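Student: Going letter by letter, the sequence shown gives residues 294 to 473 in the numbering used here. We put the beta carbon where it would ideally sit given N, CA and C, even for glycine. These numbers were taken from a predicted model, which means no experiment stands behind them.
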Amino acid sequence: MTPMDRHPDRRSPLVFDTTELSRRAGTMREVGRTVPAPADLGLEVIAVPEGSDVELDLRLEAVVEGVLVTGTATVQLQGECARCLTGIEDEMSFDLQELFFHPGREVDEDERLVDDESIDLEPTLRDAVVMDLPFTPLCREDCLGLCPECGADLNDDPDHEHDLAVDPRWSKLVGLDVEE
Ligand SMILES: [Zn+2]
Ligand SMILES: [Zn+2]
Numbered sequence: 294m295t296p297m298d299r300h301p302d303r304r305s306p307l308v309f310d311t312t313e314l315s316r317r318a319g320t321m322r323e324v325g326r327t328v329p330a331p332a333d334l335g336l337e338v339i340a341v342p343e344g345s346d347v348e349l350d351l352r353l354e355a356v357v358e359g360v361l362v363t364g365t366a367t368v369q370l371q372g373e374c375a376r377c378l379t380g381i382e383d384e385m386s387f388d389l390q391e392l393f394f395h396p397g398r399e400v401d402e403d404e405r406l407v408d409d410e411s412i413d414l415e416p417t418l419r420d421a422v423v424m425d426l427p428f429t430p431l432c433r434e435d436c437l438g439l440c441p442e443c444g445a446d447l448n449d450d451p452d453h454e455h456d457l458a459v460d461p462r463w464s465k466l467v468g469l470d471v472e473e
């Protein structure tokens with residue numbers, strides 16, 4: 294079963310009832326809601342932890358073509374700095390905008406419909422988050438990363454240098470030359 298065949302699950306906190314809006318064009322509803330984040334929201338390197346708070350601040354408007362949703366989603370992020378591997382915890386807001394067309398209309402694959410008098414914002418949220426997340430998250434813009442020779446965090450020790458010969462204690466580890 295493809296997602297297109299499935300009606301929005303009304304138990305999902307990201308599904309909104311649009312019965313009132315669909316009946317009266319020109320009406321508008323503001324919704325502030327905190328919902329638990331769905332699973333797998335984000336990228337491998339940085340993502341929204343499942344179940345963490347997603348703050349939605351939305352405006353649902355009945356327009357001629359359907360229901361227009363605009364607003365923001367503020368989410369918690371957890372990831373790893375691409376240079377120094379330090380854990381990153383952050384909060385980020387994403388703009389949401391989606392027009393859900395009245396049912397019965399031919400739509401493109403990336404367009405959405407009002408279905409069963411409700412709209413499902415999960416795909417909209419997913420698209421917004423995935424498109425805006427950095428592919429190489431950094432703990433800070435000028436993160437210095439790790440020393441390619443010994444793995445030391447250069448943010449802690451920016452003047453860190455190596456002589457031509459690698460530190461003997463380290464070469465011992467590399468060679469697994471461990472005395473028993
Ligand atoms: Zn870093
Ligand atoms: Zn080093």
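In the DSSP output, what is G525 paired with across the bridge?
Tutor: Nothing about residue 525 can be reported from this structure: the residues present for the chain run from 294 to 473 only.
Student: Could you spell out where the alpha helix (DSSP H) holding V422 opens and where it closes?
Tutor: Residue numbering aside, residue 422 sits at position 129 when the sequence shown is read from its first letter. Taken as a continuous stretch (DSSP letters only), the alpha helix (DSSP H) holding V422 covers 415-425.
Student: Since G344 and P329 should fall inside the 8 Å C-beta cutoff, what is the C-beta to C-beta distance between them, to a whole number of angstroms?
Tutor: For the purposes of this step, residue 344 is identified with residue 51 of the sequence shown, where counting begins at 1. For the purposes of this step, residue 329 is identified with residue 36 of the sequence shown, where counting begins at 1. Yes, G344 and P329 are in contact; Cβ-Cβ is about 5 Å, under 8 Å.
Student: Mapping the DSSP letters down to three states, classify S305 as helix, strand or coil.
Tutor: Position 12 of the sequence shown holds residue 305. If DSSP states are grouped into helix, strand and coil, S305 belongs with coil.
Student: Counting beta carbon pairs with one atom in the region 391-401 and one in the region 342-359, are three or more of them shorter than 8 Å?
Tutor: The answer is yes - the region 391-401 touches the region 342-359, with three or more Cβ pairs under 8 Å.
Student: In whole angstroms, give me the CA-to-CA distance for L314 and D425.
Tutor: Residue mapping note: residue 314 aligns to position 21 of the sequence shown, counting from 1. Residue mapping note: residue 425 aligns to position 132 of the sequence shown, counting from 1. So the two alpha carbons sit approximately 30 Å from each other.
Student: Can you give the Cα-Cα distance for L439 and P427, rounded to whole angstroms?
Tutor: Start at 1 with the first residue of the sequence shown, and residue 439 comes out as number 146. Start at 1 with the first residue of the sequence shown, and residue 427 comes out as number 134. Cα to Cα, the separation comes out at about 20 Å.
Student: Could you round the C-beta distance between V422 and V368 to whole angstroms and report it? I think they count as a contact, below 8 Å.
Tutor: As a first step, residue 422 must be located in the sequence shown, where it is residue number 129. As a first step, residue 368 must be located in the sequence shown, where it is residue number 75. Correct: roughly 7 Å between the Cβ atoms.
Student: Between the C-alpha atoms of T379 and D408, what's the straight-line distance to the nearest angstrom?
Tutor: In the sequence shown, counting from the first residue as 1, residue 379 sits at position 86. In the sequence shown, counting from the first residue as 1, residue 408 sits at position 115. Between T379 and D408, the C-alpha separation is close to 43 Å.
Student: With a threshold of 6 Å, establish whether the CB of C377 neighbours any heavy atom of ligand 2.
Tutor: As a first step, residue 377 must be located in the sequence shown, where it is residue number 84. Not so, every heavy atom of ligand 2 lies at least 6 Å from the Cβ.
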